[in-house]
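Residue numbers (my numbering): 1 to 100. C-beta atoms are modelled at their ideal positions from N, C-alpha and C, and glycine is treated no differently. Here is the structure we will look at, set down as structure tokens.
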């Protein structure tokens, strides 16, 4: 399967996700959070650094749960609404992301 290059918007969303997870992790070690979420520390590091801009939903959900973040909060951080139209698009994209 050939992966299409990421769009600038996808890269930016990945960076926002990584920043959110780093802030939520606080003083906890990356190893502790990764093990609690049952993901590899390398995966968490790549997501936090933005190198994996489009991580799988179950991975994000597991990390968010360990960090005490709601998926609504994660989605809102990744896709800040700029207007009513953006909010409607974000809702549609959320459903697509959840289905993947």
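Measuring straight from C-alpha to C-alpha, what distance separates residue i and residue j?
{"i": "residue 80", "j": "residue 34", "result": "26 angstroms"}
{"i": "residue 11", "j": "residue 50", "result": "7 angstroms"}
{"i": "residue 15", "j": "residue 31", "result": "20 angstroms"}
{"i": "residue 17", "j": "residue 36", "result": "19 angstroms"}
{"i": "residue 46", "j": "residue 39", "result": "11 angstroms"}
{"i": "residue 13", "j": "residue 78", "result": "5 angstroms"}
{"i": "residue 19", "j": "residue 26", "result": "11 angstroms"}
{"i": "residue 42", "j": "residue 59", "result": "13 angstroms"}
{"i": "residue 66", "j": "residue 7", "result": "29 angstroms"}
{"i": "residue 22", "j": "residue 48", "result": "6 angstroms"}
{"i": "residue 44", "j": "residue 5", "result": "21 angstroms"}
{"i": "residue 61", "j": "residue 29", "result": "18 angstroms"}
With a 10 Å radius around its C-beta and 16 neighbouring C-beta atoms as the bar for buried, classify residue i as buried or exposed.
{"i": "residue 2", "result": "exposed"}
Residue i and residue j look like a contact to me (Cβ under 8 angstroms); what is the Cβ gap, rounded to whole Å?
{"i": "residue 69", "j": "residue 24", "result": "5 angstroms"}
Taking three-plus beta-carbon pairs below 8 angstroms as touching, is the stretch 69-80 in contact with the stretch 44-55? At 8 angstroms Cβ cutoff, the stretches do not touch.
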